[in-house]
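Colleague: Residue numbers (this note's numbering): 1294 to 1350. Sharing a structure below in structure tokens format, with a few things to ask.
Here it is in structure tokens:
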């Protein structure tokens, strides 16, 4: 249950973050499931996906 609560907090931070902050959160947060990562990715602005890809490589 705690993991779900933490994810909701992460999701809220992600939602309100700038693009650079979203990238920071996405690339540094640990312990999420594949579905949770997908959930964050759905909220990421498509036009900046290349920037996220660069940060992950």
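Ideal placement from N, C-alpha and C gives every residue a C-beta, glycine not left out.
(1) Taking the C-alpha atoms as reference points, what is the distance between residue 1341 and residue 1316?
(2) Note down, in chain order, each residue of its chain lying with its Cβ closer than 7 Å to the Cβ of residue 1300, except the 5 sequence neighbours on either side.
(3) Smallest Cα separation from residue 1249: which of 1308, 1311, 1319, 1333?
(4) For the alpha helix (DSSP H) containing residue 1333, name the first residue and the last one.
(5) Let's see if you can read the secondary structure: which residues bound the alpha helix (DSSP H) around residue 1312?
Modeller: Quick answer:
(1) Along the chain shown, one-based indexing puts residue 1341 at 48. Along the chain shown, one-based indexing puts residue 1316 at 23. Between residue 1341 and residue 1316, the C-alpha separation is close to 10 Å.
(2) On the chain shown, residue 1300 is found 7 positions in, with the first residue counted as 1. Here the set comprises 1325, 1329.
(3) This structure cannot speak to residue 1249, because the chain is shown only from 1294 to 1350.
(4) In the chain shown, the residue the question calls residue 1333 occupies position 40. Unbroken alpha helix (DSSP H) run through residue 1333: 1327–1335.
(5) Taking the chain shown and counting its residues from 1, the one referred to as residue 1312 is at position 19. Counting along the chain, the unbroken alpha helix (DSSP H) around residue 1312 starts and ends at 1312–1321.
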